[in-house]
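See below for the structure under consideration.
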Amino acid sequence: MIGKVILRDCRRSWAGGAAAMPIVFVLLVATLVPFALGPDTALLRATGGGILWIAALLASLLPVDRLIDPDREGGVLDQLVVRGMRDETIIAAKLAAHWLNFGPPLLIAILPAAALLQLPGETILRVGLSLAIGTPGLAALAIMVAALTSGLRSSSALVGLLVLPLAVPLLIFGAGSLGPDGGSALKLLGAASLLLVAMAPFAGGAALRAGRE
Amino acid sequence: MLFTGLGFAAEGGEAVHVAGPNGVGKSSLLRLLSGLLAPFAGTISITGPISLADDRLALDSDQPLGRALRFWAGLDGQAPPALDAAMQAIGLAPLADVPVRMLSTGQRKRATIARTMASGAPVWLLDEPANGLDTASLALLGDAVEGHLRTGGIVIAASHQPLPWQSHVALTLAPA
Chain A
52 MIGKVILRDC RRSWAGGAAA MPIVFVLLVA TLVPFALGPD TALLRATGGG ILWIAALLAS
112 LLPVDRLIDP DREGGVLDQL VVRGMRDETI IAAKLAAHWL NFGPPLLIAI LPAAALLQLP
172 GETILRVGLS LAIGTPGLAA LAIMVAALTS GLRSSSALVG LLVLPLAVPL LIFGAGSLGP
232 DGGSALKLLG AASLLLVAMA PFAGGAALRA GRE
Chain B
115 MLFTGLGFAA EGGEAVHVAG PNGVGKSSLL RLLSGLLAPF AGTISITGPI SLADDRLALD
175 SDQPLGRALR FWAGLDGQAP PALDAAMQAI GLAPLADVPV RMLSTGQRKR ATIARTMASG
235 APVWLLDEPA NGLDTASLAL LGDAVEGHLR TGGIVIAASH QPLPWQSHVA LTLAPA
């Protein structure tokens with residue numbers, strides 16, 4: 052049952068072209084940064100990894116208003132609950148689908164983006180590894196915030212406020228792991244990511260339940 | 115508080131008609147029965163799976179009707195023939211390839227009913243099932259409900275208008 056829900060979400064995302072958004076977004080950022088900072092290779096190499104992490108964080112938030120709201124509005128969530136699916140399970144399925152739709156495309160987009168920022172091969176590897184570990188946490192954060200703000204009018208301002216404090220640890224550890232001895236930061240990134248993934252179904256499920264009353 | 119002191123029971127093969135003016139809480143009663151809302155006080159006990167057909171379509175608007183309904187039939191563990199039979203019975207079979215967003219009000223209503231018919235659940239909760247249906251569709255709906263009752267199912271329908279089948283329990287909600 053959960054597999055079918057994940058598949059449906061993935062299909063919707065691919066059919067609607069939403070899956071291409073993170074790639075386009077990251078490439079846009081990587082194209083614009085050299086224009087803003089200047090083509091100085093040393094500067095781009097020093098800042099490139101962190102910029103890619105910021106781009107990834109913002110890319111994960113792009114579809115926040117489409118993650119939960121349309122399904123809640125359209126009655127899909129209610130139909131799933133009537134079929135005995137727990138709110139926590141629904142959120143877990145949404146989390147898996149959201150990661151599948153933005154994690155792998157993002158990792159692919161890193162390659163051309165790194166070329167645009169003239170990052171050396173070793174840094175590309177580190178960025179890829181830290182994003183592979185960090186994107187599940189980013190996806191969990193987006194799902195949690197989407198569930199919390201679902202049904203609210205003008206929720207986009209609230210999304211930024213809610214995400215910022217929780218995203219800061221991911222960003223610090225993620226960008227920190229790109230340095231010369233980033234091993235411990237990578238472990239902390241994994242811990243923060245795991246914590247968010249473990250928390251999301253319960254926090255999001257409680258938000259869905261409260262939203263139905 | 116929407117209502118107090120409400121009580122009724124239905125057995126297999128019985129139909130309940132929840133009547134009353136707009137806004138009196140008919141839909142909320144169905145949401146209570148389907149477990150989407152929790153009662154402030156009192157108990158609700160239902161044996162067996164339930165299927166809810168309310169005013170929200172819950173179908174992907176870009177997909178053809180047949181495929182969109184098949185998603186739910188799949189979740190209900192029903193084979194495609196059961197869904198085809200339900201769509202045939204409610205007159206939706208010719209529309210299987212039409213995208214959901216192009217359906218009319220009555221066709222949307224019938225789509226939610228077809229999903230419930232194909233669900234295999236013994237308890238049907240129908241919210242305003244007659245809304246937007248033409249005479250021919252109403253007759254098809256009546257036949258479907260009577261067929262379900264004959265096989266021992268329960269139908270609880272909330273409607274402010276007369277329904278095309280014989281109800282065993284009539285429950286009229288009055289404004290508090």
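Each protein sequence line maps, in turn, to chains A and B. Here the first sequence is numbered in the numbering used here, starting from 52 and rising by one per residue. Here the second sequence is numbered in the numbering used here, starting from 115 and rising by one per residue. Glycine included, C-beta positions come from ideal geometry on N, C-alpha and C.
Under the three-state reduction of DSSP output, B:Ile-270 falls in the strand class. Sixteen is the threshold: when 16 or more other Cβ atoms of the shown chains lie within 10 Å of the Cβ of A:Asn-152, as they do, the residue is buried. Taking 8 Å as the upper bound for CB-CB distance, B:Leu-239 and B:Ser-148 are in contact here, some 6 Å apart. Close partners of A:Gly-202 in chain B (Cβ separation under 9 Å) are lacking, with about 14 Å as the shortest Cβ gap. For the C-beta of A:Ala-66, the chain B residues within less than 8 Å are, from N- to C-terminus, Asp-176. Under the Cβ distance rule, A:Gly-126 counts among the residues neighbouring chain B, one pair being separated by less than 9 Å.
The C-alpha of A:Met-250 lies about 20 Å from the C-alpha of A:Pro-114. Nearest to B:Gln-202 by alpha-carbon distance, out of B:Met-216, B:Arg-215, B:Gly-191 and B:Arg-229, is B:Arg-229. Going by DSSP, A:Thr-186 is part of the alpha helix (DSSP H) stretching over 172 to 200. In the DSSP secondary-structure assignment, B:Asp-241 is bridged to B:Ala-272.
Chain B places a beta carbon closer than 9 Å to that of A:Arg-59, counting this residue as a contact. In the structure shown, B:Pro-153 falls within a coil segment according to DSSP collapsed to helix, strand and coil. Closest option to A:Leu-78, judged by alpha-carbon separation, among A:Ala-164, A:Lys-238 and A:Arg-263: A:Ala-164. One thing to note: B:Ser-281 has its Cβ no nearer than 9 Å to the Cβ of B:Ile-204. Under the Cβ criterion of 9 Å, B:Gly-234 is not counted among the residues facing chain A. A:Leu-245 and A:Leu-146 have their C-alpha atoms spaced approximately 13 Å apart. Around the beta carbon of B:Gly-137, a 10 Å sphere encloses fewer than 16 other beta carbons of the protein chains shown; the residue is thus reported as exposed. Where B:Leu-206 is concerned, there is no enclosing beta strand (DSSP E), because DSSP gives it neither an H nor an E. In the DSSP assignment, A:Ser-235 falls within the alpha helix (DSSP H) that extends over 234 to 263. Taking the CA atoms as reference points, B:His-131 sits about 11 Å from B:Phe-122. Among the CB atoms of chain B, one or more fall inside 9 Å of the CB of A:Leu-131. In summary, A:Ser-111 is buried, with 16 or more beta-carbon neighbours lying within 10 Å of its beta-carbon over all protein chains present. For A:Arg-117, not one C-beta of chain B is nearer than 9 Å to its own C-beta. At least one CB atom of chain B sits nearer than 9 Å to the CB of A:Gly-135. A:Leu-209 sits exposed, since fewer than 16 C-beta atoms from the chains shown fall within 10 Å of its C-beta. For A:Ser-111, the enclosing alpha helix (DSSP H) starts and ends at 92 to 112.
In terms of Cβ geometry, B:Ala-235 and B:Ser-165 form a close pair [threshold 9 Å]. Nearest in C-alpha terms to A:Arg-96, of all of A:Ala-191, A:Ile-159 and A:Val-178, is A:Val-178. The region 80 to 92 of chain A makes no contact with the region 129 to 141 of chain A; the number of CB pairs closer than 8 Å stays below 3. Taking C-beta separations shorter than 6 Å and ignoring five residues to either side along the sequence, the partners of A:Ile-141 in its chain run Leu-131, following chain order. Annotation: the continuous beta strand (DSSP E) that includes B:His-131 extends over 129 to 133. In this structure, the alpha-carbon of A:Ala-69 lies about 10 Å from that of A:Arg-62. Proximity of the region 264 to 277 of chain B to the region 216 to 224 of chain B falls short of the contact definition, fewer than three beta-carbon pairs being nearer than 8 Å. Annotation: A:Ile-119 is outside any beta strand (DSSP E) and is labelled neither H nor E by DSSP. In this structure, the straight-line span from the alpha carbon of A:Ala-191 to that of B:Val-212 is close to 36 Å. By alpha-carbon distance to A:Val-80, the top candidate from A:Trp-104, A:Ile-57, A:Trp-65 and A:Arg-59 is A:Trp-104.
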